[in-house]
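First the structure, in the form of structure tokens, and then the observations on it.
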Amino acid sequence: MKLGEKRLGQHTVCDIRWKCLESLRGVGGGDKQLLLYCRVGIGFHLQILLNGSVGGVHQPNEYLTSIRRGVVGILGVKSGLYLCMNAEGQETFSDECLLRENLEENHYTTYSSLSHPGLYVALTRKGRLRNGRRAKPHQACSHFLPRRSHF
1426 MKLGEKRLGQ HTVCDIRWKC LESLRGVGGG DKQLLLYCRV GIGFHLQILL NGSVGGVHQP
1486 NEYLTSIRRG VVGILGVKSG LYLCMNAEGQ ETFSDECLLR ENLEENHYTT YSSLSHPGLY
1546 VALTRKGRLR NGRRAKPHQA CSHFLPRRSH F
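Under my numbering, the residues of the sequence shown are numbered 1426 to 1576, in order.
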């Protein structure tokens, strides 16, 4: 692990005051704040909590920010943590926090790892994170609708 990281279960948390923010600051582009709604199960909004856990909630109380169109960094605004994926497909927080944003034929958006192609951000029917290796772009668990936040 790098300086500024701590381990929480299977997730690694990187405080953005260290490497995460420094590596993404130069990416530029539009910085818009959005909610990410996943249509799996009865529907969840992606959320990154202060303790570093990631999952889905029915009532959004935190919004996420994108770096630019096509390549995004998913930042939990309240937690100040970026979401990334390691080679095993598990979601982690590190200084490699860029995801590819793809608009699918059904008008939903999928997010795949830029450094590990083929790994997708996805939620289970219960709102928990799904392993990125098991998620595919045609599955509902990896389909998100970016929504404008109204907080």
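The beta-carbon is built from N, C-alpha and C at its ideal position, and this holds for glycine as well.
In this structure, L1548 sits near V1465, with a CB-CB distance shorter than 8 angstroms. Spanning the alpha carbons of R1573 and L1459 requires a straight line of approximately 5 angstroms. In this structure, the straight-line span from the alpha carbon of Y1462 to that of H1470 is close to 4 angstroms. With a cutoff of 8 angstroms on beta-carbon distance, G1480 and G1552 are scored as near each other.
Secondary structure note for G1498: it is in no beta strand (DSSP E), with a DSSP letter that is neither H nor E. A residue is called buried once 16 or more other Cβ atoms fall within 10 Å of its Cβ, and L1528, having fewer, is exposed.
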